[in-house]
Structure formats: C-alpha cells, structure tokens
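In the numbering used here, the protein residues as written are 64 to 431. Report on the following structure.
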C-alpha cells in the first residue's frame with residue numbers, strides 16, 4: 064500500500080526578534096513523507112523545511128530545504144536485495160559503522176548487546192545519519208555479503224590556503240537559515256565505500272567490516288590538546304571483525320577494529336542467565352587514543368568512540384513475584400585529555416532501580 068503524510072507545525076516565542084530578522088524564512092516547519100510498500104518493492108520520499116529556512120524563495124527556490132528518496136527491491140529466490148537512494152548501515156557492535164538509533168546505558172541493565180540490522184532504507188529527517196548511493200545484500204549459502212557505495216554532500220566550513228581546501232568540523236544541525244549556515248551547505252563532498260561479510264555456523268555468527276572514506280578537502284583539526292592523536296587528512300580507513308554466539312546459558316558478542324595510525328578498539332561482552340531469576344551482563348571496552356571511524360557509534364561512555372578503557376557490570380534480579388531489581392556499575396578511564404578535562408580522567412557510574420508491577424497496567428519504581 065501507499066501512505067502519504069503532510070504536517071505543518073509552528074512554535075511561538077522561541078526566537079528573539081533580532082534572530083528572526085537574520086533568518087531567511089518563516090517559523091513554520093513543513094514535513095512530507097510518502098511511502099509505498101509491497102511484497103518485493105519499497106520506495107518513498109521525505110521532504111522537510113525547518114523553522115527559519117526559506118521556502119520557494121531565496122536560497123531554496125526549489126521548495127523544501129531537505130529532500131530524501133529511497134528504494135529497495137528483492138532479487139531472485141535467496142532474499143537478495145538491492146538498495147538505491149538513501150540508506151543506513153549497522154554492522155557488528157558499532158565500532159566501524161553504525162548509523163541511526165542505538166541503545167546506551169539504561170534501566171534495562173542487561174540489554175547491552177546491539178542487534179545490527181545491516182543495510183536498511185532511510186526515511187528520517189536527520190540530515191546526517193545516512194549514506195546516499197547504492198547498496199545490496201547478496202546471500203550465498205551461509206554467507207551474506209553487504210557492499211555499499213555512497214556519494215554525499217555535507218555541511219562544513221571549507222577554506223582555501225595555497226590552493227588546498229581545508230575543513231575543521233562538520234556542521235550537523237541541518238539548519239540553513241542564516242548566511243553562515245547557507246554558505247556551509249553542501250560545501251564538502253564525501254565518498255564512502257565498503258561492506259560487511261558475515262558467516263553463520265549453527266549458533267554462531269562471524270563478520271568482517273571495512274569502510275573507506277574520502278573527502279574533497281583536507282581535514283584540519285584545531286590545535287587543542289584533545290585533538291592531538293586524532294587523524295587528519297582527506298581519507299580514512301577502518302575495519303573490524305565481529306562475532307556473536309551462544310552455548311548453554313551464555314551468550315557472547317563483540318567486535319575488534321582497527322584504523323589508520325595504529326588505531327585499535329575492542330568491545331566484548333557476555334550475557335548469562337545465572338539462574339531462572341538472575342540475569343547478568345558484562346561489557347569490556349578498550350579503545351586507544353588513535354582509533355577513529357567517522358561512522359562509529361558503540362556502547363561507550365564517551366560520545367566519541369575513542370580513548371576509553373572501561374568495564375560494565377549489569378544485573379537483573381526477579382526477587383519476588385511482581386518485584387524486580389535492576390542495577391549496573393560502569394568503571395571507565397580516559398588516558399588522554401577530553402574536551403571537558405585538563406588531563407587524563409576516570410569515573411564510576413552506579414545505578415539501581417526496584418520495580419513493583421501490581422498489574423499489567425501499572426508500574427511503580429524507586430531509583431538511585
């Protein structure tokens with residue numbers, strides 16, 4: 064079937080008069096989504112105008128500031144699939160490539176394993192967490208090969224020195240309202256290619272991921288100490304090996320990865336049913352100072368998957384009918400300076416929550 068959604072929203076008293084004069088457009092937000100789904104074919108289109116962006120005038124004479132289209136369809140009898148347009152990738156445990164939503168630490172203290180969805184068509188309004196191009200899932204027996212190729216234009220402040228183009232950080236707000244925001248729109252070109260090869264054997268699955276990224280400008284980070292060990296240049300290569308499997312009451316998972324400049328990273332975990340009333344989880348992370356992937360998004364304390372040595376413990380205990388205790392402890396250390404610190408640092412985070420569920424319609428909890 065086919066679904067079409069059109070929405071107009073506006074927030075009041077959120078923009079000062081001086082800021083409003085700098086914006087090209089009105090404060091309305093326009094959103095359109097069309098999606099068609101059938102047995103072997105799926106396609107759609109998403110468009111959005113953010114508050115403050117022009118609409119059919121000035122820098123957006125074409126109408127919507129953001130347009131996204133996607134399509135995917137099945138090929139053959141082995142559930143092979145081809146993706147075109149916008150799509151996202153999720154492989155392993157997120158050390159190399161993970162776009163889109165991901166769970167971190169939460170009250171579900173034993174849900175620390177990430178179930179990668181591989182390649183999926185993209186229909187969100189987030190203007191950063193996706194690739195644009197071609198991808199596919201090719202299945203042969205117990206093997207699945209998922210290659211992808213992406214050409215994208217990104218927002219960034221690009222400067223020129225000695226006939227060489229440079230950029231510092233990407234602009235990820237998705238807003239194009241003011242002169243400076245509009246000047247950075249689509250200023251940087253990115254090519255990303257790679258893939259994931261997986262193999263299944265009984266209750267086990269193993270995979271390998273590689274992603275190569277190149278820009279048409281040279282990444283020139285600031286001279287701040289926290290950037291000292293992060294890579295610069297116009298390209299980057301990251302790869303990894305992931306695994307998951309179960310035996311008896313234990314489920315193990317993890318991913319080891321590498322990147323340029325001797326970057327190394329490891330995330331490894333275990334889920335164990337100690338008894339019918341007790342669930343236990345542990346996650347070990349060891350990521351060195353030079354590891355870097357543009358698309359990394361893993362189970363880490365820091366939002367940047369870099370320079371972290373940590374150990375997480377989690378329990379879920381059914382202490383009595385209708386009573387459950389969830390608790391975790393996370394011990395982490397950063398061996399180099401972070402954005403908010405003046406030197407190497409460490410921390411500990413504790414969480415405990417008791418839930419009482421008298422019925423299927425109500426829950427009470429006490430949290431520390």
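Virtual Cβ for every residue (Gly too), placed ideally from N, Cα, C.
### Query
Are there three or more Cβ pairs, one per stretch, closer than 8 Å when the segment 276-295 is compared with the segment 305-317?
The count of Cβ pairs closer than 8 Å, one atom from the segment 276-295 and one from the segment 305-317, stays below three, leaving the stretches out of contact.
### Nearest neighbour of residue 210, chosen from 275, 167 and 185 [CA to CA]
275
### Task
For the alpha helix (DSSP H) holding residue 245, just list the boundary residues, first then last.
242-246
### Query
What number of angstroms, rounded off, separates the C-alpha of residue 343 from the C-alpha of residue 300?
Roughly 35 Å separates the two Cα atoms.
### Query
So the beta strand (DSSP E) residue 108 belongs to, where does it begin and stop?
104-112
### Task
Flag this pair as yes or no: are the beta carbons of residue 371 and residue 348 separated by less than 7 Å?
yes
### Message
With a threshold of 8 Å on Cβ separation, who are the neighbours of residue 221 within its own chain once the five nearest residues in sequence on each side are excluded?
### Response
228, 229, 230, 247, 250, 251 and 280
### Task
Below 8 Å CB to CB, which residues in the same chain sit around residue 385 once its five sequence neighbours on both sides are set aside?
419, 420 and 421
### Task
Report buried or exposed for residue 405, applying the criterion of at least 16 other Cβ atoms within 10 angstroms of its Cβ.
exposed
### Unbroken beta strand (DSSP E) run spanning residue 300, endpoints
296-310
### Task
To the nearest angstrom, report how far apart residue 85 and residue 241 are at their CA atoms.
6 Å
### Task
Can you have a look at residue 266 and say buried or exposed, based on whether 16 or more other CB atoms are within 10 angstroms of its CB?
Of the residues assessed, residue 266 falls on the exposed side of the cut-off, its CB having fewer than 16 other CB atoms within 10 angstroms.
#### Entry: As assigned by DSSP and simplified to three states, the class of residue 210
strand
### Message
Residues in the same chain with beta-carbon distance under 6 Å from residue 351, minus the five sequence neighbours each way, listed in chain order, please.
### Response
327
### Query
Does residue 431 come within less than 7 Å of chain C when only Cβ atoms are used?
Annotation note: the requested chain C is absent from the structure, which comprises a single protein chain.
#### Entry: As assigned by DSSP and simplified to three states, the class of residue 421
strand
### Task
Would you mind giving the Cβ-Cβ distance between residue 144 and residue 137, rounded to the nearest angstrom? I have them listed as a contact below 8 Å.
Right, the Cβ-Cβ distance comes to about 6 Å (below 8 Å), so this counts as a contact.
### Query
With distances taken between CB atoms, is the gap from residue 109 to residue 120 smaller than 7 Å?
No, Cβ-Cβ distance for residue 109 and residue 120 is not below 7 Å.
### Task
Verify whether the separation of the beta carbon atoms of residue 197 and residue 147 is less than 7 Å.
yes
### Message
Since residue 194 and residue 129 should fall inside the 8 Å C-beta cutoff, what is the C-beta to C-beta distance between them, to a whole number of angstroms?
### Response
Actually they do not touch by this definition, with Cβ atoms about 16 Å apart.
### Task
May I ask you to list the residues that DSSP assigns as paired with residue 91?
73
### Task
Provide the residue span of the beta strand (DSSP E) that contains residue 178, from first to last.
No beta strand (DSSP E) contains residue 178, which DSSP labels as neither H nor E.
### Query
Is it true that the CB of residue 125 sits closer than 7 Å to the CB of residue 98?
no
### Task
Please go through the same chain and pick out, in chain order, the residues whose beta-carbon is closer than 6 Å to the beta-carbon of residue 380, but skip the five residues on each side of it.
341 and 388
#### Entry: Beta-carbon contacts of residue 112 that lie in its chain and below 6 Å, excluding the five residues immediately before and after
93, 118, 127 and 128
### Task
Can you tell me the Cβ-Cβ gap for residue 158 and residue 361, rounded? I've got them flagged as a contact below 8 Å.
With a Cβ gap of about 5 Å, residue 158 and residue 361 count as contacting.
### Task
Please classify residue 177: is it buried, with 16 or more other beta-carbons within 10 angstroms of its beta-carbon, or exposed?
buried
#### Entry: Beta-carbon proximity list for residue 70, same chain, < 7 Å, skipping 5 on both sides
94
### Task
Could you say which of 237, 416 and 236 lies nearest to residue 382 if we only look at CA atoms?
Residue 382 has its Cα closest to that of 416, out of 237, 416 and 236.
### Message
Restricting to Cα atoms, I'd like to know which of 358, 411, 365 and 429 is closest to residue 191.
### Response
It is 358.
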